[in-house]
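As given, the protein sequences belong to chains A and B, one line each in that order.
The opening position of the first sequence corresponds to residue 1 in the UniProt record's numbering, with each subsequent residue numbered one higher.
The opening position of the second sequence corresponds to residue 1 in the UniProt record's numbering, with each subsequent residue numbered one higher.
Where is the CB? At the ideal position from N, CA and C, for every residue including glycine.
A quick note: this is a predicted structure, and the numbers were derived from the prediction, not measured.
Heads up: the structure comes next, in structure tokens.
Protein chains: 2
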Amino acid sequence: MCHTCQVSINEISRPVCILGLGLIGGSLLRALIDEGVIAYGFNRSPSAARAAAKEGYDVSDNLIETLTRAEADNALIVLATPMPAIDSLLETINEHAPSCGFTDVVSVKGEVYDLVRARNMQARYVGGHPMAGTANSGWEASNPELFRRAVWVVTFDHAADKEDELEEDWISLWVDVVHMATKVGAEVIPARIQQHDAAVARVSHLPHIFAETLAIIGDNGGALALSLAAGSFRDATRVAGSAPSLVRAMCETNSVALLDALDEALSLLNDARANLIQTHPSLEELVDNGYRSRIRFEARSGLNVEQSVSPTPVSNRPVFRLHPGADGWVRQLIQAESLGARIEVLWENGKG
Amino acid sequence: MCHTCQVSINEISRPVCILGLGLIGGSLLRALIDEGVIAYGFNRSPSAARAAAKEGYDVSDNLIETLTRAEADNALIVLATPMPAIDSLLETINEHAPSCGFTDVVSVKGEVYDLVRARNMQARYVGGHPMAGTANSGWEASNPELFRRAVWVVTFDHAADKEDELEEDWISLWVDVVHMATKVGAEVIPARIQQHDAAVARVSHLPHIFAETLAIIGDNGGALALSLAAGSFRDATRVAGSAPSLVRAMCETNSVALLDALDEALSLLNDARANLIQTHPSLEELVDNGYRSRIRFEARSGLNVEQSVSPTPVSNRPVFRLHPGADGWVRQLIQAESLGARIEVLWENGKG
């Protein structure tokens, strides 16, 4: 309870039911339990479910029993599986937990929303994308600190689409998703699906494509090139060491936005090529613009870790405080989206 | 003196005269003095020369006096200036230190060798490229530990060009350059100029071009994209924060080799584009190849720092030991070059 404004902050109004206990789902379960939230989960693999249960977590390998329980206590369902499992999970949720609101953690939001819309489940859905991960996966890699200071994007397309006739239940669901992310230490950034997918194509998926390409170009240079490769090559190709299936899943399901970013990049590279092939090669335009862009990013992110005296990176993101459901709140969300601002929600308990 | 083979190792047979005392030249002077080598230097800026002299280093701001001294004691001259100063320095060396052998530290070797050949100075020249650096520059940034475990490429084109009539003086010069680099803690990798320039185009210059491009693409996404940018973007664009003049100097003076690498990259990216635009986008080829290439690089470099238990990176490069001037030694150098091997030189004192 905030004593100034008499609203409760960060309290989730219902239990959380997590489907899939890999790196993300497992870390979320651990973090929520650490924060005193009622949370339980399902994992398809009986051995992974047993491993979690042995640690004292409330975990089952029976999906229908888990969803029946979620329906009974009106839980917030979190789909914490990769994209290929989403379609059949939606089907099963529709059948066995038809009143529950749900969110997901898939890193591309457009394809998930297509499936949600195909079943007309928009009024029960709020999309999520926790931007956290490690090189490892599975329950054994899960860690309650995984989301600390990470970005957690929360979508609001349903509110933007039908602002005037928005259901109170949806607002309450949206607030709970925001509270859940904030509770586990993440910074919530609101974004609509198309804007989210376009942004991650630029700052995550294209960097993966470039890293794969550079790794191949270095390798094609043979032993001498690899022997001379130092810091710039190591950093530039780091994410090419990610599991190919994960990289492909991200990039291939976001192909439309990724193509836009890739075409922009090809245009810059072709210009650079034309400038390099001159008698007096000049990369002035590319290099000056690239330098200025990087400096803006450093200023923005506050993540110039090498030069920072702080032991932990500090977020420089602006903060928006907003009252969900209040007049103009969707306009505020769109403004926060365009600024990449994080939000804090002021919400009276039981209002929903 | 090595007691097994009765040869001295790593002893430089002459004083070292360093022209230019910025990050590289200054660090070299400090490191050589720490190792007990007779070394002195010149810096164009009187204030920087005074700063070094105040620390007890033997430094002058008079180029002609410095070169006259180098000629008198047959010093090894190190051109430690950026590329634009090389041409006039060669002219001055020709006039005031006409007997001295010399090396340089410029990161692209082809253009330097063109100038050396234009003056027919090949028999007095051995090219060098210490692959070390920091974000900072100038004498005040210099550090005697800069070259510790770094790669120092030493060229041998003159030996490859005229193997049968190679001058003893050139061999002795080449050995001294190798000894100097080894002395300050670097790993010496032999490479001919074209092979060196092609390799660094792949593993250093193209990564810079890609970093500049990605920085711009992220920036074009506006505040939301920059706000969502995390580790992959930060690492992929890190070197776009380098001083534009340095990036341009490297890339523009190596335009021929860089164009080859860039065209290879454009071909991979255009293939990826064609695969992404399909009804069922697939990046299988790019991602699988990129992953395998990165894994080979990690195995090769032994620089998987994140997973290493060693506090310092360990080089996995093969080692070649060779006797300069002995039968077949140039063939051994070419073999070492193709393997990206580092070399150790077995050399009898005073043989040259």
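Assigned exposure category for residue i - 16 Cβ within 10 Å defines buried
i: A72(B); result: exposed
i: M1(B); result: Here M1(B) scores only 45 on pLDDT, less than 50, and its place in the model is too uncertain to base an answer on.
i: P98(B); result: exposed
i: P190(B); result: buried
i: R238(A); result: buried
i: residue 359(B); result: Here chain B comprises residues numbered 1 to 352, so residue 359(B) is not present and cannot be evaluated.
i: K54(A); result: exposed
i: T66(A); result: buried
i: V319(A); result: exposed
i: R124(A); result: buried
i: Q332(B); result: buried
i: S242(B); result: buried
i: T68(B); result: exposed
i: Q307(A); result: Below a pLDDT of 50, predicted positions are generally treated as unreliable, and Q307(A), at 45, falls in that range; the measurement from the model is reported next regardless. Q307(A) should be labelled exposed.
i: A118(A); result: exposed
i: P84(A); result: exposed
i: S310(B); result: With a pLDDT of 46 at S310(B), under the threshold of 50, the modelled position of this residue cannot be trusted; read the value that follows with caution. S310(B) should be labelled exposed.
i: E337(A); result: buried
i: E88(B); result: The sequence shown places Ser at residue 88(B), not Glu. Burial call: exposed.
i: R50(B); result: exposed
i: D157(A); result: buried
i: T279(A); result: exposed
i: S255(B); result: buried
i: S27(A); result: buried
i: N136(A); result: exposed
i: G20(B); result: buried
i: G56(A); result: exposed
Reference residue i; option with closest CA among the options
i: I277(A); options: I277(B), T253(B), N270(B) and E285(B); result: T253(B)
i: T81(A); options: W139(A), A123(A), G22(A) and G127(A); result: G22(A)
i: V175(B); options: M83(B), V188(B) and L266(B); result: V188(B)
i: A249(A); options: R148(A), S204(A), F147(A) and L346(A); result: S204(A)
i: D164(B); options: W329(B), S315(B), L269(B) and A85(B); result: W329(B)
i: M121(A); options: M131(A), A48(A) and E91(A); result: E91(A)
i: I24(A); options: A118(A), T68(A), R117(A) and F147(A); result: F147(A)
i: E264(A); options: E264(B), S293(B), V287(B) and G221(B); result: G221(B)
i: E11(A); options: V177(A), G41(A) and S293(A); result: V177(A)
i: L286(A); options: D271(A), L246(A) and A132(A); result: D271(A)
i: D61(A); options: A75(A), N74(A) and P46(A); result: P46(A)
i: G138(A); options: G340(A), A48(A) and F297(A); result: A48(A)
i: A341(A); options: W347(A), R321(A) and D327(A); result: R321(A)
i: R192(A); options: R292(A), G128(A), L269(A) and L173(A); result: G128(A)
i: S107(B); options: A132(B), D288(B) and I93(B); result: A132(B)
i: S245(B); options: R273(A), V200(A), L206(A) and Y291(A); result: Y291(A)
i: E140(B); options: N43(B), I343(B), E344(B) and R296(B); result: N43(B)
Beta-carbon proximity list for residue i, same chain, < 7 Å, skipping 5 on both sides
i: P281(A); result: N275
i: A70(A); result: C17, I77, A97 and C100
i: L166(B); result: A159
i: D161(B); result: none
Cut-off 8 Å between Cβ atoms - residues of its own chain near residue i, not counting five sequence neighbours on either side
i: R234(A); result: none
i: G218(B); result: A225, L226, A229, F233 and T237
i: H208(A); result: V239, A240, S242, V247, M250 and C251
i: I64(A); result: T92 and H96
Contact set for residue i: own chain, Cβ-Cβ below 6 Å, skip 5 residues either direction
i: A31(B); result: P144 and V184
i: T312(A); result: For T312(A), the predicted model reports a pLDDT of 48, less than 50, meaning its position is unreliable; a value from the coordinates is still stated below. Cβ neighbours of T312(A) beyond the five flanking positions: none.
i: A211(A); result: T237, V239 and A240
i: A198(A); result: A257
i: R202(B); result: A261
i: A215(B); result: T237 and A240
i: G110(A); result: I193 and D197
Residue-chain proximity (residue i, chain D), Cβ-Cβ < 8 Å
i: D235(A); result: Any reference to chain D falls outside this structure, whose protein chains are A and B.
Evaluate contact between the stretch 139-158 of chain A and the stretch 184-192 of chain A, counting only Cβ atoms and requiring at least three cross-stretch pairs below 8 Å.
-> With a cut-off of 8 Å, the stretch 184-192 of chain A and the stretch 139-158 of chain A count as touching, because enough Cβ pairs lie within range.
Taking a Cβ distance cut-off of 8 Å, strictly less, list which residues of the stretch 163-186 of chain B are near chain A, in chain order.
-> Cβ contacts with chain A come from no residue of the stretch 163-186 of chain B.
Does the stretch 103-113 of chain B touch the stretch 32-51 of chain B, meaning 3 or more C-beta pairs lie closer than 8 Å?
-> Judged by Cβ distances under 8 Å, the stretch 32-51 of chain B makes no contact with the stretch 103-113 of chain B, as fewer than three pairs qualify.
Contact set between the stretch 200-225 of chain B and chain A, restricted to residues whose Cβ is under 8 Å from the partner = Result list: V200, R202, V203, S204, L206, P207, H208, I209, F210, A211, E212, T213, L214, A215, I216, I217, G218, D219, N220, G221, G222, A223, L224 and A225.
Determine which residues of the stretch 238-251 of chain B have a Cβ less than 7 Å from any Cβ of chain A, and write them out in chain order.
-> Residues passing the 7 Å Cβ filter: R238, V239, A240, G241, P244, V247, R248 and C251.
Contact list for the stretch 279-300 of chain A against chain B, Cβ threshold 9 Å = Answer in chain order: H280, P281, S282, L283, E284, L286, V287, D288, N289, G290, Y291, R292, S293, R294, I295, R296, F297, E298 and R300.
Mind checking the stretch 256-278 of chain B against chain A and listing, in chain order, the residues whose C-beta falls within less than 8 Å of any C-beta there?
-> If you check each beta-carbon in the stretch 256-278 of chain B against every beta-carbon of chain A, the ones closer than 8 Å belong to L258, L259, A261, L262, D263, E264, A265, L266, L268, L269, N270, A272, R273, L276 and I277.
Using a Cβ cut-off of 7 Å, which residues of the stretch 325-347 of chain B contact any Cβ in chain A, in chain order?
-> Close to chain A, meaning a Cβ-Cβ distance shorter than 7 Å, are the following residues of the stretch 325-347 of chain B: E337, S338, L339 and G340.
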